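K.L.:
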Amino acid sequence: MAGASVAAELAESMKVLMVEMEAQPGYHTTGRSAAVFAPSYGPESVRALTRASRAFFDDAPAGFASAPLLTPREILMIAREEQLEALHALVSSISDETQVEALGPAAMADHQPLLRDGYAAGGMLDHGGQDIDVAALHQGFLRLFKARGGVLMNGEPVQDLSRDGDDWRVQTKGGTFTAPLLINAAGAWAEQVGRCAGAESIGLVPKRRTAMVVAEPEGFTRRDAPITIDIEEQFYLKPDAGRLLISPADETPTEPCDAQPEEIDIAICADRIMTAFALDIRRIHNKWAGLRSFVADKEPVIGFSRVVPGFFWMAGQGGYGIQSAPAAAELSAALVQGRPVPAHITDQGLEPRRVAPGRTMVTA
1 MAGASVAAEL AESMKVLMVE MEAQPGYHTT GRSAAVFAPS YGPESVRALT RASRAFFDDA
61 PAGFASAPLL TPREILMIAR EEQLEALHAL VSSISDETQV EALGPAAMAD HQPLLRDGYA
121 AGGMLDHGGQ DIDVAALHQG FLRLFKARGG VLMNGEPVQD LSRDGDDWRV QTKGGTFTAP
181 LLINAAGAWA EQVGRCAGAE SIGLVPKRRT AMVVAEPEGF TRRDAPITID IEEQFYLKPD
241 AGRLLISPAD ETPTEPCDAQ PEEIDIAICA DRIMTAFALD IRRIHNKWAG LRSFVADKEP
301 VIGFSRVVPG FFWMAGQGGY GIQSAPAAAE LSAALVQGRP VPAHITDQGL EPRRVAPGRT
361 MVTA
């Protein structure tokens, strides 16, 4: 998503080649997303980029998508008694940014009837949540990129990067390409691409997240129920096309790879979900894993390298890259082209220095 979105932005006024490692774009993280627009989710800069992206989701360019990119889906964050302090801290930190409401046990049960009696002591409802049509968003950016003259090359993993005067030389199995600017939007592989280019390390760590789909309980009719997330991200549950999408919200450090679910994470997920919700999980209809890549402070890394010329980082989107993609792409394009950051982004409190690769990254 990062590569497609920024490529589409830049192709409006620049000649852009997008080199894709896989046979098709979006195979790894983009195609394995939980597909939620959550204004209350993520660190400060992510939330700012998410809010700044809302206008694009609501009014994408003509022909970008054939149906709305967003459909309403409230977000319910829940806390056990011993987690209430974390809940109160979150509510106080974001209450001025988005439409959130503190809930007690009875109100939580009204919104999420699967929640077990007595499990949660408090909750927060984010009325600004939405489901995202991730496939439509991704394909829309790819169509826009091609319509603006961009060229996409699939199945071309980068074999070598080197400087050739003022240009970058990119070697793939299909040939050698040169360009004055190199944008590193390689997802879980971004650290390796940076190393190959001689750029600074950003300490990017890919982390595996497991998800699975299980049956709804008999008689369940609340398919508009909110996605329900543990305040400390121990699990989430979301109604999804007549079934339930569930996850243990794991963050297991791993090397960049085609991530696959581990049996231990599947078992942990089932245990956590059945503890919190009135479910008896007997069958898993589908299961998968994806990689969410983070630096220490969990903010994205967007900006030019301080070590090598013409090398631009667009990495570390973590689990927030889909919901923040439009504004992150606009921010990146402005920085690449030396233009002022658009006002609708800065008006949300986004400061480019907070996401710059040279910042001091304090562990979140």
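The numbering of the sequence shown is the numbering used here, which starts it at 1 and goes up by one.
Built from N, CA and C at the ideal position, the CB exists for glycine as well.
Remember, it's a predicted structure, so these values are computed and weren't measured experimentally.
(1) With the cut-off set at 7 Å, would you say Val-214 and Leu-244 are in Cβ contact?
(2) What distance in whole Å lies between the Cβ atoms of Met-361 and Asp-297, which are believed to be in contact at a cut-off of 8 Å?
(3) Anyone know if the C-beta pair for Thr-228 and Gln-130 falls short of 7 Å?
(4) I think Ala-102 touches Met-124, with their Cβ atoms under 8 Å apart; what is that distance to the nearest whole Å?
(5) For the structure I just gave you, are there three or more beta carbon pairs, one from the stretch 72 to 84 and one from the stretch 14 to 31, closer than 8 Å?
(6) Whose C-beta lies closer than 7 Å to the C-beta of Val-308 among residues of the same chain, with five residues either side of it excluded?
(7) Where does Ser-53 fall in DSSP's three states?
(8) With respect to the alpha helix (DSSP H) encompassing Phe-294, which residues constitute its N-terminal and C-terminal limits?
(9) Helix or strand or just coil, what does DSSP make of Asp-224?
(10) Should Lys-238 be labelled buried (16 or more other beta-carbon atoms within 10 Å of its own) or exposed?
(11) Measuring CB to CB, does Ile-302 end up less than 7 Å from Cys-269?
(12) Within 10 angstroms of its Cβ, does Met-153 collect 16 or more other Cβ (buried), or is it exposed?
(13) So, does the stretch 307 to 321 touch the stretch 177 to 189, judging by three or more C-beta pairs under 8 Å?
(14) Classify Ile-264 as buried or exposed, calling it buried when 16 or more other Cβ atoms lie within 10 Å of its own Cβ.
(15) Using the rule of at least 16 other Cβ atoms within 10 Å of the residue's Cβ for burial, across every protein chain shown, is Gly-140 buried or exposed?
(16) Enumerate in chain order the residues of its own chain whose CB-to-CB distance from Phe-57 is below 6 Å, with the five nearest sequence positions on each side excluded.
(17) Short of 7 Å in beta carbon distance, which residues of its chain neighbour Trp-288, apart from the five on each side in sequence? Order them along the chain.
(18) When the distance is taken between beta carbons, is Gln-323 closer than 7 Å to Thr-98?
(19) Please classify Val-213: does DSSP put it in a helix, a strand, or coil?
(20) Within the continuous alpha helix (DSSP H) that includes Leu-204, where are the two ends?
(21) What are the complete beta strand (DSSP E) segments, minimum 3 residues, inside the stretch 60 to 134?
P.N.:
Taking the definition as stated:
(1) Start at 1 with the first residue of the sequence shown, and residue 214 comes out as number 214. Start at 1 with the first residue of the sequence shown, and residue 244 comes out as number 244. Contact: yes.
(2) Position 297 of the sequence shown holds residue 297. Position 361 of the sequence shown holds residue 361. With a Cβ gap of about 5 Å, Asp-297 and Met-361 count as contacting.
(3) Reading the sequence shown from its first residue, position 228 is the one you call residue 228. Reading the sequence shown from its first residue, position 130 is the one you call residue 130. Cβ distance not < 7 Å, so Thr-228 and Gln-130 don't count as in contact.
(4) The residue you call residue 102 lines up with position 102 of the sequence shown. The residue you call residue 124 lines up with position 124 of the sequence shown. Yes, they are in contact, since the Cβ atoms of Ala-102 and Met-124 sit about 6 Å apart, within 8 Å.
(5) They do not touch, by the three-pair rule.
(6) Residue 308 sits at position 308 when you count from the first residue of the sequence shown. Shown here for Val-308: same chain residues with a beta carbon closer than 7 Å to its own, the five before and five after excluded, namely Ala-197, Gly-198 and Ala-199 in chain order.
(7) Translated into the one-based positions of the sequence shown, residue 53 becomes position 53. Helix.
(8) Residue numbering aside, residue 294 sits at position 294 when the sequence shown is read from its first letter. No alpha helix (DSSP H) holds Phe-294; the beta strand (DSSP E) holding it covers 284 to 294.
(9) Counting from 1 along the sequence shown, the entry for residue 224 is found at position 224. The answer is coil: DSSP assigns Asp-224 none of H, G, I, E or B.
(10) By one-based count along the sequence shown, residue 238 stands at place 238. With 16 or more other Cβ atoms within 10 Å, it is buried.
(11) Within the sequence shown, numbered from 1, the residue matching residue 302 stands at position 302. Within the sequence shown, numbered from 1, the residue matching residue 269 stands at position 269. Against a cut-off of 7 Å, the Cβ pair of Cys-269 and Ile-302 comes out as no contact.
(12) Reading the sequence shown from its first residue, position 153 is the one you call residue 153. Residue environment: Met-153 is assigned as exposed (fewer than 16 neighbouring CB atoms within 10 Å of its CB, all protein chains considered).
(13) The stretch 307 to 321, when compared against the stretch 177 to 189, does touch it at the 8 Å Cβ threshold.
(14) Sequence index remark: in the sequence shown, residue 264 carries index 264 (1-based). With fewer than 16 other CB atoms across the displayed protein chains lying within 10 angstroms of its CB, Ile-264 is exposed.
(15) Numbered from 1 along the sequence shown, position 140 holds the residue referred to as residue 140. Buried, since its Cβ has 16 or more Cβ neighbours within 10 Å.
(16) Along the sequence shown, one-based indexing puts residue 57 at 57. The beta carbon of Phe-57 lies closer than 6 Å to those of Leu-69 and Leu-70 in the same chain, with the five residues before and after it left out.
(17) On the sequence shown, position 288 is the one that residue 288 refers to. Closer than 7 Å at Cβ, skipping near neighbours: Arg-32, Ala-211 and Pro-261.
(18) Here residue 98 corresponds to residue number 98 of the sequence shown, with the count starting at 1. Here residue 323 corresponds to residue number 323 of the sequence shown, with the count starting at 1. Judged by their CB atoms, Thr-98 and Gln-323 are not nearer to each other than the 7 Å cut-off.
(19) The residue you call residue 213 lines up with position 213 of the sequence shown. Strand.
(20) If you number the sequence shown from 1, residue 204 lands on position 204. Premise fails: Leu-204 is in no alpha helix (DSSP H) and is neither H nor E.
(21) Counting whole runs of 3 or more residues, the stretch 60 to 134 contains the beta strand (DSSP E) stretches 70 to 72, 75 to 79, 100 to 103, 122 to 126 and 130 to 132.
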